[in-house]
Amino acid sequence: MYKKKQGLGGWIATILLTLYCLIAVILIGNMIISSFKTKHDLLFNTFGFPKEFSIENYQQVLIKDSLYRNFINSIFLTVASILSLVFVSSMTAYGLARYRFKGRQSLEVYFLLGLMFPIQIAILPLFVIMRTFSLTNTFIGMIMLYTANMSFSLFIFTQFFKELPSALHESAIIDGAGEFTIYLQIMMPISKPVIFTVMTVSFVQIWNDFYLPLVFLAKRSLHTLTLAIYQYLANFLAYWNYVFAAATLALIPVIIVFLIFSDQIISGLAAGSIKE
Amino acid sequence: MECIGLENFKRIFFDPRMSRIFNNALGNNFRYMAIAVFVFIPLQILMAYLIHIKIHGHNLFRLMIFLPYVISPSIIGFFALLVFDPNIGILNNVLLGIGLNQLVSSWFGNPSIAFYLLVVVIGWNGIGVGMVIILANMKNIPQDVVEASIIDGASVWQRFWLVELPFLEPSIINVVVLSSIFALTQFDIPFIVGGLNGGVNGKLDFLNLMFFRYTFGDAYFGETALGFGAAISVVVFTIILCIAILQKLVFSRLFKR
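These protein sequences, in sequence, are chains B and P. Read in order, the letters of the first sequence correspond to residues 1 to 276 in my numbering. Read in order, the letters of the second sequence correspond to residues 1001 to 1257 in my numbering.
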């Protein structure tokens, strides 16, 4: 359709974009390489390859600074939140898409508003509520917050369930299946691709989230990886060789997930924001 | 708890010290919003279009332009320090290395450019999101219309401006509204790079940062102040609501055909 041969303008664009993309490659590459340098090596050989590969930084951050605990915190919080989010939002979406009841429309609009307004706006009432129920400094509270922040996944699920033929539902009822059985044994298996999209996008967002843990997880033993790295940054010059290792540890899982599931993440995010 | 009426709001708007902080933060939010709408969105449209017309390496570009979005804000902050640190930063070392000594700067320590550097960093982090939203919309442009315009002899520019751009209206409106809200709720990266007090001369201060400082920090006369914080967040929310409604109105006027 479009011209196959690329003119001069196209080549200039290719070169400029390549240079732009190199920024990320250089920054991430440099971070990974530098994480294997000793502090002395880093000081005099800031950008080259390490003279000798040392895993001293990793030993220091993981074991002595007990970053492994933050790592476990991050993994636990992310996985538990995603499971809870997928369960609650898919059930809600199923109800919204399947049943006709009074106020369904306004309920749907209410949930969609969350796509527009970030959770930051409501942080203060949330904080007061969480404190009243002593949920600050607990993972349960965080999981509830991440689950409640479900506009995006709810939207994706609702779109999907609405497109399913109602014959599917009806025949299951005729076969004598209860509502929960239909949801669990028919709806869940066929919405695997949607579940996948929701999971990967939420993984990136919850793993990287900075604001909610900052406000609600003040206790040091509960810090997530992003918070732990922030703590290092506060004393950047003293510990910058450790930051490389800590940041690498935090970045690797999310980069791997992104590189494998980039299509789901990118198209999922785009689908979640085109309404109208 | 005692009711102090509109005292907190009065303090935000009329207390000489507080109103200066507030106006400065609000100004930064608006300045960032203007840059996001008038610089980043055209850039996002351009990048999306280049990928859409499949220039060489388009698949890789889509991936790599989006990639910074999945990096956590504290690592983005780390990268920013790494590049722009006056002593050990990559940029100053490169500039010294190629002999451009007069360009060496203290970057985030320099009040006249700190804000723009921050905008660049935030933009680098988030530009891919708007791009993929617009790109997804481009895939929905009916191809027969585009082909017809090619047969009718439209140039590349005409095809883009007159045929393809009007189809992108929904996604562009969306990105404008989402970017504006994002601009008005800016927190993570300014907080990590500039610290709780908003950098040198408050150049990196934003409304949300001010809110956080007085609510959870101890910057409000040495104590935390939920009430004062609530007042700030009410103001922020009102501003966001007004901007979002205003934008919807403007767009519906603009595109009424």
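Where a beta carbon is used, it is the ideal one built from N, C-alpha and C, also for glycine. Bear in mind that the values here come from a model prediction, so they are computed numbers and not experimental data.
- The continuous alpha helix (DSSP H) containing C21 of chain B extends over residues L8 to S34.
- Note on geometry: alpha-carbon atoms of F1167 of chain P and V1235 of chain P lie some 35 angstroms from one another.
- At a beta-carbon threshold of 7 angstroms, the residues of chain B lying near T1215 of chain P are L124, ordered along the chain.
- Fewer than three beta-carbon pairs drawn from the stretch 1116–1124 of chain P and the stretch 1132–1145 of chain P are found closer than 8 angstroms, and the two stretches are therefore not classed as touching.
- Apart from the 5 residues on each side of it in sequence, S1074 of chain P sits with its Cβ closer than 6 angstroms to the Cβ of I1192 in its chain, given in chain order.
- Residue B:I229 holds the alpha-carbon nearest to the alpha-carbon of Y68 of chain B among B:N241, B:D263, B:I229 and B:A234.
- In the three-state scheme derived from DSSP, where H, G and I count as helix and E and B as strand, H223 of chain B is classed as coil.
- Chain B has no Cβ within less than 7 angstroms of the Cβ of V1120 of chain P.
- Contact between A1048 of chain P and L1209 of chain P fails: their C-beta atoms lie close to 31 angstroms from each other, not under 8 angstroms.
- Only F210, Y211, V215, T226, I229, Y230, L233 and F236 from the stretch 209–236 of chain B bring a Cβ to less than 7 angstroms from some Cβ of chain P.
- Looking at B:I75, B:K102, B:S106 and B:L135, the one whose alpha-carbon comes closest to that of F203 of chain B is B:I75.
- For the stretch 1225–1239 of chain P, the residues whose beta carbon sits under 8 angstroms from a beta carbon of chain B are, in order, L1226, G1229, A1230, S1233, V1236 and F1237.
- For P118 of chain B, the chain P residues whose Cβ falls inside 8 angstroms of its Cβ are I1181, F1182 and T1185, in order along the chain.
- Taking a Cβ-Cβ threshold of 9 angstroms, none of the residues of chain P is close to F133 of chain B; the smallest such distance is about 16 angstroms.
- Within chain P, the residues I1055 and H1056 have their CB atoms less than 8 angstroms from the CB of Q6 of chain B, given in chain order.
- Where V1176 of chain P is concerned, the enclosing alpha helix (DSSP H) starts and stops at E1169 to L1184.
- Residue contact check for P1068 of chain P against chain B: a CB pair falls below 7 angstroms.
- Taking 4 residues as the minimum length, the alpha helix (DSSP H) runs contained wholly in the stretch 1060–1094 of chain P are 1073–1084, in order along the chain.
- Of all alpha-carbon atoms in P:S1233, P:G1227 and P:I1240, the one lying nearest the alpha-carbon of E1007 of chain P is that of P:G1227.
- Using a CB distance cut-off of 7 angstroms, L1063 of chain P counts as an interface residue toward chain B.
- The three-state secondary structure of E1007 of chain P, taken from DSSP, is helix.
- One thing to note: L115 of chain B has its Cβ no nearer than 7 angstroms to the Cβ of T158 of chain B.
- Taking the C-beta atoms as reference points, F1009 of chain P is found nearer than 7 angstroms to A1231 of chain P.
- In the three-state DSSP reduction, V1156 of chain P falls in the helix class (H, G or I).
- For T14 of chain B, the neighbours in chain P by C-beta distance under 7 angstroms run, in chain order, I1055, H1056 and G1057.
- With the rule of 3 Cβ pairs closer than 8 angstroms, the stretch 195–211 of chain B counts as touching the stretch 255–274 of chain B.
- Nearest C-alpha to G1199 of chain P among P:V1039, P:P1111 and P:G1089: P:P1111.
- A Cβ-Cβ contact shorter than 7 angstroms links I32 of chain B with T248 of chain B.
- Shown here, T136 of chain B sits in coil according to DSSP, grouped into three states, outside any helix or strand.
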